[in-house]
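Chains as they are written, first to last, in UniProt numbering: chain Z, 1 to 124; chain E, 1 to 117.
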């Protein structure tokens with residue numbers, strides 16, 4: 001289905017290019033120039049397959065940061081101290097928690113967060 | 001001006017960073033309290049983050065202290081009167097609701113079967 005559509009599109013493009021010929025001064029040069037333009041992919045452009053685009057975008061996002069269980073927020077994942085605060089708040093909301101302020105500053109890596117939450121009796 | 005290698009300077013900067021982190025945390029929680037709908041919270045949180053980030057590169061210690069004091073005053077002005085507290089945390093509704101009884105006390109389940117002399 002997509003192949004038929006793209007073939008139709010190419011056919012239509014062909015038509016438009018042919019009508020633009022009379023504006024050029026010398027016919028021979030323009031004809032070969034247009035033929036060159038027809039058959040070059042980068043000039044005409046072609047739309048990528050949507051699933052392929054989605055796959056590539058996902059792989060880029062996945063490889064962006066190495067999220068391992070031992071990752072430190074600031075050194076490995078490249079986050080700010082304010083970002084750490086945001087992450088701790090998101091964890092608090094997720095687990096239905098309340099972390100006192102002085103202890104919340106010490107959570108700097110995924111390991112610490114996991115240990116803290118696992119050792120707290122009221123985490124849901 | 002103190003050079004970046006003195007211990008006192010480093011200690012002051014560390015204390016300031018601590019204060020900024022605590023302030024940001026409280027301000028974020030407050031924003032969550034005030035925002036009724038979640039999409040409003042996301043907008044307000046990003047505005048707050050931008051306000052914090054605008055002053056990120058200030059180097060002078062006294063300016064930083066003044067900025068932190070201004071931020072704390074702003075936070076005090078905007079504190080929510082009825083913040084959400086997790087029920088079993090201090091200040092919540094379930095806090096010390098059912099404390100564990102001290103050891104040595106046991107409950108005897110003989111209601112209706114005691115012999116009254």
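All residues carry an ideal CB built from backbone N, CA and C; glycine is no exception.
Can you tell me the Cα-Cα spacing of residue 84 (chain Z) and residue 77 (chain Z), whole angstroms?
The residue labelled residue 84 (chain Z) in the question sits at position 84 within the first chain. The residue labelled residue 77 (chain Z) in the question sits at position 77 within the first chain. Cα-Cα distance, rounded: 10 Å.
Excluding the 5 residues preceding and the 5 following residue 113 (chain Z) in the sequence, name in chain order all residues of the same chain whose CB lies nearer than 7 Å to its CB.
Looking up residue 113 (chain Z) in the first chain gives position 113. If we look at residue 113 (chain Z) and ignore the five residues flanking it on each side, its Cβ neighbours are 91, 107.
Sorted by chain position, which residues of the same chain lie with C-beta nearer than 7 Å to residue 27 (chain E)'s C-beta, five sequence neighbours on each side aside?
Translated into the one-based positions of the second chain, residue 27 (chain E) becomes position 27. For residue 27 (chain E), where only same-chain residues beyond five positions count, the Cβ hits under 7 Å are 48, 75.
So with CB distances below 7 Å, who are the chain Z contacts of residue 49 (chain E)?
As a first step, residue 49 (chain E) must be located in the second chain, where it is residue number 49. Neighbours of residue 49 (chain E) on chain Z, chain order: 82.
Beta carbons nearer than 9 Å to chain Z: which residues of the UniProt domain "Complex 1 LYR protein" (19–73) of chain E have them?
20, 21, 22, 24, 25, 26, 28, 29, 32, 45, 49, 52, 53, 56
Report the option in Z:55, Z:73, Z:81, Z:72 whose CA atom is closest to the CA atom of residue 23 (chain E).
Along the second chain, read from residue 1 onward, the residue named residue 23 (chain E) stands at position 23. With distances taken between Cα atoms, residue 23 (chain E) lies closest to Z:81.
Does residue 22 (chain Z) pass the burial test, meaning 16 or more other C-beta atoms within 10 Å, or should it be called exposed?
In the first chain, residue 22 (chain Z) corresponds to position 22, counting from 1. Note that residue 22 (chain Z) scores 47 on pLDDT, short of 50, meaning its location in the model is unreliable and no value can be drawn from it.
Output yes if chain Z places a C-beta closer than 8 Å to the C-beta of residue 89 (chain E); else output no.
Walking along the second chain from the start, residue 89 (chain E) turns up at place 89. Yes, contact with chain Z.
Do residue 86 (chain E) and residue 86 (chain Z) count as a contact pair if the criterion is CB distance below 8 Å?
Translated into positions along the first chain, residue 86 (chain Z) becomes position 86. Translated into positions along the second chain, residue 86 (chain E) becomes position 86. Taking 8 Å as the Cβ cut-off, residue 86 (chain Z) and residue 86 (chain E) do not qualify as a contacting pair.
Straight-line Cα distance separating residue 100 (chain E) from residue 73 (chain Z)
Position 73 of the first chain, counting from 1, holds the residue named residue 73 (chain Z). Position 100 of the second chain, counting from 1, holds the residue named residue 100 (chain E). Those two C-alpha atoms are separated by around 38 Å.
From residue 84 (chain E) to residue 9 (chain E), what distance separates their C-alpha atoms?
Here residue 84 (chain E) refers to the residue found at position 84 when the second chain is read from its first residue. Here residue 9 (chain E) refers to the residue found at position 9 when the second chain is read from its first residue. Each residue's Cα considered, the two are about 38 Å apart.
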